[in-house]
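Going by the numbering used here, the sequence shown opens with residue 12, and the numbers climb by one from there.
Beta carbons: idealized from backbone N, C-alpha and C, even for Gly.
Take a look at the structure below.
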Amino acid sequence: MEEFIRVKIPQSTNIKKMKKVTILILSFFIYGKSIAQENLPNKITKEDKIYGLSKFWQEVNYNFVYLNKINRKKWNALYKQLITEVQETKNDYEYYRLLQKFCASLKDGHTNVYFPKSVDSVIYNTWFGDYRLFLTNINGKAIVTRVNLSKKEEIPVGSEITKVNGLPTHEYANQYVKPFIASSTAYILENNTINWLLRSPKGTSYNLELKKPNGQYFNLKLTHGEVKESEVYPPFEQRKLLDFKWIDNDIAYIALNSFSNSEINKLFTEKLPEIKKAKKLIIDLRFNGGGSTGIGTKILQYFTPDKKLYGSAYQSRLHIPSFKAWGKWTKPKDTVNSSEDDKKWSKQALLSYQDNYFHKFPYHPTEITLSTKKRIVIPTVLLIGNNTASAAEDFLIAADNQKHMTKIGEPTFGSTGQPMLFDLPGGGSARVCTKKDTYPDGREFVGLGIQPDIFISKTLTDFKNNNDPALQKAIEFLNKK
12 MEEFIRVKIP QSTNIKKMKK VTILILSFFI YGKSIAQENL PNKITKEDKI
62 YGLSKFWQEV NYNFVYLNKI NRKKWNALYK QLITEVQETK NDYEYYRLLQ
112 KFCASLKDGH TNVYFPKSVD SVIYNTWFGD YRLFLTNING KAIVTRVNLS
162 KKEEIPVGSE ITKVNGLPTH EYANQYVKPF IASSTAYILE NNTINWLLRS
212 PKGTSYNLEL KKPNGQYFNL KLTHGEVKES EVYPPFEQRK LLDFKWIDND
262 IAYIALNSFS NSEINKLFTE KLPEIKKAKK LIIDLRFNGG GSTGIGTKIL
312 QYFTPDKKLY GSAYQSRLHI PSFKAWGKWT KPKDTVNSSE DDKKWSKQAL
362 LSYQDNYFHK FPYHPTEITL STKKRIVIPT VLLIGNNTAS AAEDFLIAAD
412 NQKHMTKIGE PTFGSTGQPM LFDLPGGGSA RVCTKKDTYP DGREFVGLGI
462 QPDIFISKTL TDFKNNNDPA LQKAIEFLNK K
């Protein structure tokens, strides 16, 4: 993995510093060599590598809805630089890593590059043969929040990874993990950097320094390999498409865990008779990564007294080549010092030339025909978190003006839109976000996340004790109501 062994040393570096750098180079060289090269396919030709890079660059230039937010000079300069670098990659994994790094520079969670199956099948994250290790970002630290059962004494939950391959964890992450992750929001980028800190091909070894909750340091060498033990501690919570339970007799809890399967509408309808008995309600969206906006809207209509739901407004770039051609000769003054028709024409030409002309889709709120007798309008808490994404965020946009609803938890994922999918050489693929979604009044939430009314997040103590502070806060809040 050549990104681990390229180190440029300034001529002014003194001998003492040179020794430190030499040691660093050696450690990265060993790390790179620790990858079992036979696991990594090497089938993509140099010509196809250039084509795949150019294909992604082209689709972004024509279709990426946030093109106006990126530095075009840097974007094009990076493309030209990569033309050479992709040809030098030693295998398909290295090639796709460079494409992912290129993609990550766009800073969009709905614009991604995906490994071919032949590569993805040998990429491990938590599997290390005799060990399983799950990491969570807690206050900027890489904290072990789950391990395989037999190692729970050796690596207690709450242990912190302080060094990776001799580097402080944040330095290692900033160099070798973060630059390859596409994200719309800074906090999701930080979360995923920690979650995927040790993600790499089978056979890759890591020398780790860890700090136990009691302050004791210890070293551990891990090598990615097949898992030999399936049980983990603490155990994973088994989540269904829809989960329902009663809390304190009069509070109903319902978790809507995905809008990607319309079966959830049927499951919800089956639970309606029970939900109607509730005096207070908790709707948990923390593990809903999205799906179809329409699926969520069908459920939301039961929880509003309104006749209409005001969902997201959206727009997309409009590209008409002739306007772009005219725009090269159009001056800003032409958009103000002309007749109304000429000003409109000149404005479209100039903005098209700047790749900044948008088509705003007609806005239509969703009409609700459901009888008011079937509505359940009671004090309601919406539990939200960093993993509440896409169509689940659209659900929250439509629920924004519901006075009986209160959002508790953490900011949402902060990314949605309509991705355009396309294939890349060697069996990989990519997607580019083509649609910009906002609140109906134009407020942006992509890149910011939908904010909770009451912020609360898990602490290290919560992880160690398997507490759910957001749910506890929701119960407390509703009981006061």
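Between the beta-carbon of residue i and the beta-carbon of residue j, is there less than 9 angstroms?
i, j, result
"L221", "T156", "no"
"L110", "F67", "yes"
"F10", "G420", "The structure shown does not extend to residue 10, since the chain is modelled only from 12 to 492, so the question has no answer here."
"V5", "Y135", "What is shown of the chain runs 12 to 492, which leaves residue 5 out entirely."
"I451", "A266", "Just to set this straight, residue 451 is Pro in the shown sequence, not Ile. No, the pair does not count as a contact, with Cβ atoms beyond the cut-off."
"H415", "I389", "yes"
"K291", "K418", "no"
"A410", "L311", "yes"
"V97", "I61", "yes"
"I467", "P480", "yes"
"Y217", "K232", "yes"
"Y104", "P212", "yes"
"N79", "D366", "yes"
"L93", "L117", "no"
"L253", "N268", "yes"
"H121", "P316", "no"
"K282", "F255", "yes"
Just the C-alpha distance for residue i and residue j, rounded to the nearest angstrom, thanks.
i, j, result
"A403", "T427", "9 angstroms"
"E182", "L209", "14 angstroms"
"E271", "I306", "Per the sequence shown, the amino acid found at residue 271 is Ser instead of Glu. One C-alpha to the other measures close to 8 angstroms."
"A289", "A197", "38 angstroms"
"N50", "H235", "12 angstroms"
"V133", "L407", "37 angstroms"
"T423", "N348", "44 angstroms"
"R297", "I387", "21 angstroms"
"W454", "T215", "The sequence as given places Arg at residue 454; Trp does not occur at that position. Distance between the alpha carbons of R454 and T215 is about 45 angstroms."
"E171", "R83", "39 angstroms"
"P167", "E58", "49 angstroms"
"A193", "E351", "42 angstroms"
"L178", "P332", "50 angstroms"
"L489", "I395", "16 angstroms"
"L89", "S195", "20 angstroms"
"T472", "I149", "11 angstroms"
"N203", "N123", "14 angstroms"
"N478", "G438", "42 angstroms"
"I294", "L393", "5 angstroms"
"L35", "Y244", "The predicted position of L35 is uncertain, since its pLDDT is 32 and thus under 50; no value can be drawn from it."
"L37", "F474", "Any reading at L37 needs caution, since the residue's pLDDT is 33, under 50, leaving its predicted position unreliable; the model's value is listed next. Looking at the two C-alpha atoms, the distance is approximately 37 angstroms."
"A485", "Q249", "21 angstroms"
"T308", "I258", "25 angstroms"
"W337", "Y364", "8 angstroms"
"P284", "F314", "14 angstroms"
"F39", "K112", "Bear in mind that the predicted position of F39 carries a pLDDT of just 34, short of 50, making it unreliable; the figure below should be weighed with that in mind. Their Cα atoms are separated by approximately 19 angstroms."
"F279", "L381", "15 angstroms"
"F145", "I205", "9 angstroms"
"E237", "G169", "24 angstroms"
"K101", "K163", "38 angstroms"
"N260", "Y125", "46 angstroms"
"K384", "K319", "16 angstroms"
"T304", "D405", "6 angstroms"
"T449", "N276", "25 angstroms"
Alpha helix (DSSP H) containing residue i: first to last residue?
i, result
"G226", "Neither: G226 is in no alpha helix (DSSP H) and is coded neither H nor E."
"Y90", "R83 to E99"
"N136", "Run containing N136: none; DSSP gives neither H nor E here."
"D353", "E351 to Y364"
"D103", "D103 to A115"
What are the boundary residues of the beta strand (DSSP E) that includes residue i?
i, result
"F369", "F369 to K371"
"P430", "P430 to D434"
"Y142", "Y142 to I149"
"K60", "Looking at the DSSP string, K60 is not in any beta strand (DSSP E); the run it does join, the alpha helix (DSSP H), is K57 to N74."
"N348", "Per DSSP, N348 belongs to no beta strand (DSSP E) and is neither H nor E."
"L253", "L253 to I258"
"V124", "N123 to Y125"
"Y264", "I262 to L267"
Is residue i near the ligand PLP, judged by its Cβ being under 8 angstroms from some heavy atom?
i, result
"N185", "In the structure shown, the ligand PLP is absent, as is every other ligand, since no ligand is present at all."
Segments of 4+ residues assigned as alpha helix (DSSP H) that fall wholly inside the segment 438-487:
As far as the segment 438-487 is concerned, its whole alpha helix (DSSP H) runs of at least 4 residues are 471-476.
Complete runs of the beta strand (DSSP E) confined to the segment 153-205 [at least 3 residues]:
171-175
Report yes or no: do three or more beta-carbon pairs, one from the segment 74-81 and one from the segment 350-361, lie closer than 8 angstroms?
With the cut-off at 8 angstroms, the segment 74-81 and the segment 350-361 do not touch.
Whole alpha helix (DSSP H) runs in the segment 272-342 with 4 or more residues, listed along the chain?
274-286, 304-311 and 332-338
Scan the segment 377-416 and note each continuous alpha helix (DSSP H) run of 4 residues or more that stays entirely inside, going in chain order.
Segments of the alpha helix (DSSP H) lying fully in the segment 377-416: 402-409.
Okay, do the segment 440-448 and the segment 333-344 touch, 3+ Cβ pairs below 8 angstroms being the bar?
no
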